[in-house]
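Student: Numbering (the working numbering), first residue to last: -19 to 285.
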């Protein structure tokens, strides 16, 4: 706890921020940041008013600038799973995480334990609500410090999304957390609109030839994002595929290949009551309910009703 930050809050009970900034010789934006919570108290530890103003501004940015991570997969690669795992694991480290579902077929919020599908969708804010104080729309999820904004409830509603408002909302959310994770839309032209906000792009591909081909197709469009791109070869057990990826992207040394660990996925699933419920209800449709005397969807498709 910072004594100086406490003093700022105490003074704010009776005087304006401008007076506080003048009397304590602290930049006004720093005072406002402390009062709003955008700047942590620790930023004022060992604060030296005699330091040049430009150094103080740089220091402030270092404390309040979070990391914005975009996760993209060219169709059915498990990008939403990776986005959920990243969000969950970062929050477990004690960082405040906002996860936002920008996908046409939204699944990030249910993955993180929010029962927001079908008739329950009306109970929760979603992507179409991005206006005003957008931080109030974030829903507490599985882990302390983890909040999620569901995507559009249906594909029809998704087509009503105002992407200009989405970009404005994303910019506002950046100042409210330490890490912002975006499950990017599958149409690449929409995903690319978010690139200016990103610190890094996690590109999720499959460990197969179509995955490599998709990566080759996307590469020319990455342009300035290429040096900020990290590749996840989903469900890859060997080193051969990452080496191919490195060759395809002409990556420099230092790029990280995030491992896909099934244990992390299980960890998330085991903590999400709704995910377990969906699994128990939907698996019988695929052929796991025959012992109960009911035809599964799979058996009906293959053998008729």
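For every residue, glycine included, the Cβ atom is placed at its ideal position computed from N, Cα and C.
Say whether the segment 183 to 203 touches the segment 79 to 90, bearing in mind that this needs 3 or more beta-carbon pairs closer than 8 angstroms, one atom from each stretch.
Tutor: No: the two stretches stay apart, fewer than three of their Cβ pairs being nearer than 8 angstroms.
Student: May I ask you to report which of helix, strand or coil DSSP gives residue 178?
Tutor: The residue you call residue 178 lines up with position 198 of the chain shown. Coil at residue 178, not helix or strand.
Student: Using only CA atoms, which one of 95, 91, 170 and 67 lies nearest to residue 250?
Tutor: Taking the chain shown and counting its residues from 1, one reaches residue 250 at position 270. Minimum Cα distance to residue 250 is reached at 91.
Student: Decide if residue 281 is buried, meaning its Cβ has at least 16 other Cβ atoms within 10 Å, or exposed.
Tutor: Locating residue 281 in the chain shown gives position 301, counting from the first residue. By the 10 Å Cβ count, residue 281 comes out exposed.
Student: How many Å lie between residue -5 and residue 8 at the Cα?
Tutor: Residue numbering aside, residue -5 sits at position 15 when the chain shown is read from its first letter. Residue numbering aside, residue 8 sits at position 28 when the chain shown is read from its first letter. Cα to Cα, the separation comes out at about 13 angstroms.
Student: Since residue 141 contacts residue 117 with CB under 8 angstroms, what's their CB separation in whole angstroms?
Tutor: Looking up residue 141 in the chain shown gives position 161. Looking up residue 117 in the chain shown gives position 137. Residue 141 to residue 117, Cβ: 14 angstroms. No contact.
Student: For residue 145, which option in 122, 111 and 132 has the closest C-alpha, if you only look at C-alpha atoms?
Tutor: The residue given as residue 145 occupies position 165 in the chain shown. Checking every option, the nearest Cα to that of residue 145 belongs to 111.
Student: Select from 213, 203, 122 and 207 the residue whose C-alpha is nearest the C-alpha of residue 189.
Tutor: Here the question's residue 189 lines up with position 209 in the chain shown. Of 213, 203, 122 and 207, the residue nearest in Cα terms is 213.
Student: Given residue 138, which residues of its chain have a CB within under 6 angstroms of its CB, disregarding the five upstream and five downstream residues?
Tutor: Within the chain shown, numbered from 1, the residue matching residue 138 stands at position 158. Cβ within range, chain order: 84 and 132.
Student: With distance defined between alpha-carbon atoms, name the residue in 242, 175, 55 and 3 nearest to residue 48.
Tutor: Position 68 of the chain shown, counted from the start, is the residue given in the question as residue 48. Taking only the C-alpha atoms, the option nearest residue 48 is 175.
Student: Secondary structure at residue 169, three-state DSSP: helix, strand or coil?
Tutor: Reading the chain shown from its first residue, position 189 is the one you call residue 169. Here residue 169 sits in helix by DSSP.
Student: Are the beta-carbon atoms of residue 71 and residue 136 separated by less than 8 angstroms?
Tutor: What you label residue 71 is simply residue 91 of the chain shown in a count that begins at 1. What you label residue 136 is simply residue 156 of the chain shown in a count that begins at 1. No.
Student: Could you tell me which residues DSSP puts in a beta bridge with residue 163?
Tutor: The sequence position of residue 163 within the chain shown is 183, counting from 1. Beta-bridge pairing links residue 163 to 51 and 81.
Student: Report yes if the CB atom of residue 53 is closer than 8 angstroms to the CB atom of residue 150, and no otherwise.
Tutor: Looking up residue 53 in the chain shown gives position 73. Looking up residue 150 in the chain shown gives position 170. Contact flag unset, no.
Student: Give me the Cβ distance between residue 298 and residue 162, rounded to the nearest whole Å; I'm assuming they're in contact under 8 angstroms.
Tutor: As displayed, the chain neither begins before -19 nor continues past 285, which places residue 298 out of reach and without an answer.
Student: Rounded to whole angstroms, what is the Cα-Cα separation between residue 0 and residue 65?
Tutor: Indexing the chain shown from 1 puts residue 0 at position 20. Indexing the chain shown from 1 puts residue 65 at position 85. C-alpha separation (whole angstroms): 43 angstroms.
Student: Sort 46, -14, 119 and 208 by Cα distance to residue 286 and report the nearest one.
Tutor: For residue 286 there is no data in the structure shown, the boundaries of the chain being -19 and 285.
Student: For the beta strand (DSSP E) containing residue 126, name the first residue and the last one.
Tutor: As a position in the chain shown, residue 126 is number 146, starting the count at 1. First-last of the beta strand (DSSP E) with residue 126: 126 to 129.
Student: Per DSSP, residue 88 forms a beta bridge with which residues?
Tutor: Along the chain shown, one-based indexing puts residue 88 at 108. DSSP output for residue 88 lists no bridge partner at all.
Student: Figure out for me which residue from 20, 248, 167 and 181 has the closest Cα to the Cα of residue 75.
Tutor: Here residue 75 is taken as the residue at index 95 of the chain shown, counted from 1. Cα-wise, what sits closest to residue 75 is 20.
Student: Please state the DSSP three-state secondary structure of residue 210.
Tutor: Numbered from 1 along the chain shown, position 230 holds the residue referred to as residue 210. Here residue 210 sits in strand by DSSP.
Student: Between the alpha carbons of residue 32 and residue 121, how many angstroms are there, rounded?
Tutor: By one-based count along the chain shown, residue 32 stands at place 52. By one-based count along the chain shown, residue 121 stands at place 141. Model confidence at residue 32 stands at a pLDDT of 36, short of 50, so the residue's coordinates are unreliable; what they give is reported in the following sentence. Approximately 42 angstroms between the Cα atoms of the pair.
Student: From what residue to what residue does the alpha helix (DSSP H) around residue 18 run?
Tutor: Residue 18 sits at position 38 when you count from the first residue of the chain shown. Where residue 18 is concerned, there is no enclosing alpha helix (DSSP H), given that its DSSP letter is neither H nor E.
Student: Answer yes or no: do residue 159 and residue 181 have a C-beta to C-beta separation smaller than 8 angstroms?
Tutor: Taking the chain shown and counting its residues from 1, one reaches residue 159 at position 179. Taking the chain shown and counting its residues from 1, one reaches residue 181 at position 201. Against a cut-off of 8 angstroms, the Cβ pair of residue 181 and residue 159 comes out as no contact.
Student: To which residues of the same chain is residue 125 closer than 7 angstroms at the C-beta, ignoring the five residues directly before and after it?
Tutor: As a first step, residue 125 must be located in the chain shown, where it is residue number 145. These residues qualify, in order along the chain: 71, 74, 75, 76 and 77.
Student: Does DSSP put residue 44 in a helix, a strand or coil?
Tutor: Residue mapping note: residue 44 aligns to position 64 of the chain shown, counting from 1. In this prediction, residue 44 has a pLDDT of 43, which is less than 50 and means its spatial position is unreliable; nothing more can be read from the coordinates.
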